[in-house]
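Below is one structure, written out as structure tokens; the observations come after it.
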Amino acid sequence: MEKKKRIVIALGGNALGNTLPEQMKAVKITAKAIVDLIEEGCDVIVAHGNGPQVGMVNNAMIALTHEDTEQPNTPLSVCVAMSQAYIGYDLQNALREELLNRGIDHIPVATMITQVRVDADDPVFQSPSKPIGKFVSEEQANIMEEKYNYVMKEDAGRGYRRVVASPKPVEIIEIETIRTMVEAGNVVIACGGGGIPVTRQGNHLKGASAVIDKDFASCLMAKELNADFLIILTAVEKVALNFGTPDEKWLNDVSVEEAAQYIKEGHFAPGSMLPKVQAAVDFAGSKPGRTALITLLEKSRDAVQGKTGTMFHL
Ligand code: ADP
Ligand code: MG
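Under our numbering, the first residue of the sequence shown is numbered 1476, with each subsequent residue one higher.
This is the structure:
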């Protein structure tokens, strides 16, 4: 019998929507795409982003401190943990239902609350740059800097926003539990929002005020689980050179060498396509036989069969 293909799927923002009702609807479509792959006989591990959701949780927790002065502000790491549970709940529920609707009743689904260790000496902590949460006035920004120790930055004339560091993931703390669950035949949702960022202090793991890129965390998890595929699902069917210009050229199939050259030439926007291509190159280049794909959610099955998407290989 052919060995089962192991796939790590990284879900982008469009797979989950921006609000509670949007997410409830979006996960049903997302679950269909994921169960398509399970039906083909693949082992699937699901990771996902959390930008809008962690922003929502963070705003709600700030509002709580206004309502109840006894409540201290909630650390960002706790907000990430809350977003993992909220998204995991909707996703595992939708996946379970889709599996049952197709008569598959022997595959359990579970979410793993995942901590991801970052390096406390990562230089990005000295220059936080990732904007999170809503825009506020200069006056509010000053209060937030003073009251919560936030770093606030003016953002392109639109007001002030909190900025945090986005350090590289170093270690997935719960990886052995995730592996055990995958090997027992579970569909596992893990590394949500890039994982809860923590640093090590002896035996204690301390939450960090940071956001780990989900594309990099998914890449690390795919390598650790010795996956065959890392599939990054986003809002475009393929990656392009000269994106958005008359010379736009969609890529079908690229070697990690070619892709590294395109990165150098500046074809991919930082903060959106660049981390995806970097993660794809890292995974595909890490061992022969590993393939990374970037495509649309609805195209994931076609992409695994080589029919569409941008494929990265050694
Ligand atoms: P996600 O929520 O999936 O992480 P992002 O918005 O962060 O999505 O990144 C995907 C977006 O990157 C695409 O919708 C596209 O507008 C943009 N993009 C930037 N550069 C490129 C490129 N070279 N090829 C394709 N898309 C690109
Ligand atoms: Mg993104």
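Virtual Cβ for every residue (Gly too), placed ideally from N, Cα, C.
Please read these numbers as outputs of a predicted model, since none were measured by experiment.
Item                                                                                                                                                           : Value
So is the beta-carbon of Met1748 under 7 Å away from any non-hydrogen atom of the ligand ADP?                                                                  : yes
Quick check on the DSSP output: what are the complete beta strand (DSSP E) runs of length 3 or more inside the stretch 1662 to 1730, in order along the chain? : 1662 to 1664, 1671 to 1676, 1679 to 1682, 1704 to 1709, 1728 to 1730
According to DSSP, what are the bridge partners of Gln1498?                                                                                                    : BP columns for Gln1498 are empty, so no partner.
Could you have a look at Met1786 and say whether DSSP puts it in helix, strand or coil?                                                                        : strand
Once the 5 residues before and after Asp1630 are set aside, which same chain residues still bring their CB inside 8 Å of it?                                   : Pro1606, Phe1610, Arg1636
Near Asp1597, which residues of its chain fall below 8 Å by C-beta distance, leaving aside the five closest residues on each side in sequence?                 : Ala1640, Pro1642, Lys1643
In three-state terms, what does DSSP make of His1523?                                                                                                          : strand
Are there any heavy atoms of the ligand ADP lying less than 7 Å away from the beta-carbon of Thr1783, as far as the coordinates show?                          : no
For the beta strand (DSSP E) that contains Gln1567, what are its first and last residues?                                                                      : Element bounds for Gln1567: not the beta strand (DSSP E) but the alpha helix (DSSP H), 1551 to 1576.
Start and end of the beta strand (DSSP E) containing Pro1750?                                                                                                  : Counting along the chain, Pro1750 falls outside any beta strand (DSSP E), though it belongs to the alpha helix (DSSP H) covering 1748 to 1759.
Going along the chain, which residues of its own chain have a beta-carbon closer than 6 Å to the beta-carbon of Gly1492, five neighbours each way excluded?    : Gln1498, Ala1501
Can you say whether Ala1508 is buried or exposed, counting buried as having 16 or more other CB atoms within 10 angstroms of its CB?                           : buried
From Asn1548 to Cys1694, what does the alpha carbon distance come to, in whole angstroms?                                                                      : 32 Å
When burial is assigned at 16 or more other CB atoms within 10 Å of the CB, is His1742 buried or exposed?                                                      : buried
Comparing alpha-carbon positions, which option in Ile1482, Ile1664, Val1593 lies nearest Leu1512?                                                              : Ile1482
Pick out whichever of Leu1705, Lys1774, Pro1721, Ala1734 has its Cα sitting closest to the Cα of Gly1764.                                                      : Leu1705
Alpha helix (DSSP H) containing Met1587: first to last residue?                                                                                                : Looking at the DSSP string, Met1587 is not in any alpha helix (DSSP H), and its letter there is neither H nor E.
Check whether the Cβ of Val1714 lies closer than 7 Å to any heavy atom of the ligand ADP, and answer yes or no.                                                : yes
Per DSSP, Arg1481 is paired with what?                                                                                                                         : Asp1518
Along the chain, where does the alpha helix (DSSP H) that runs through Thr1652 open and close?                                                                 : 1650 to 1658
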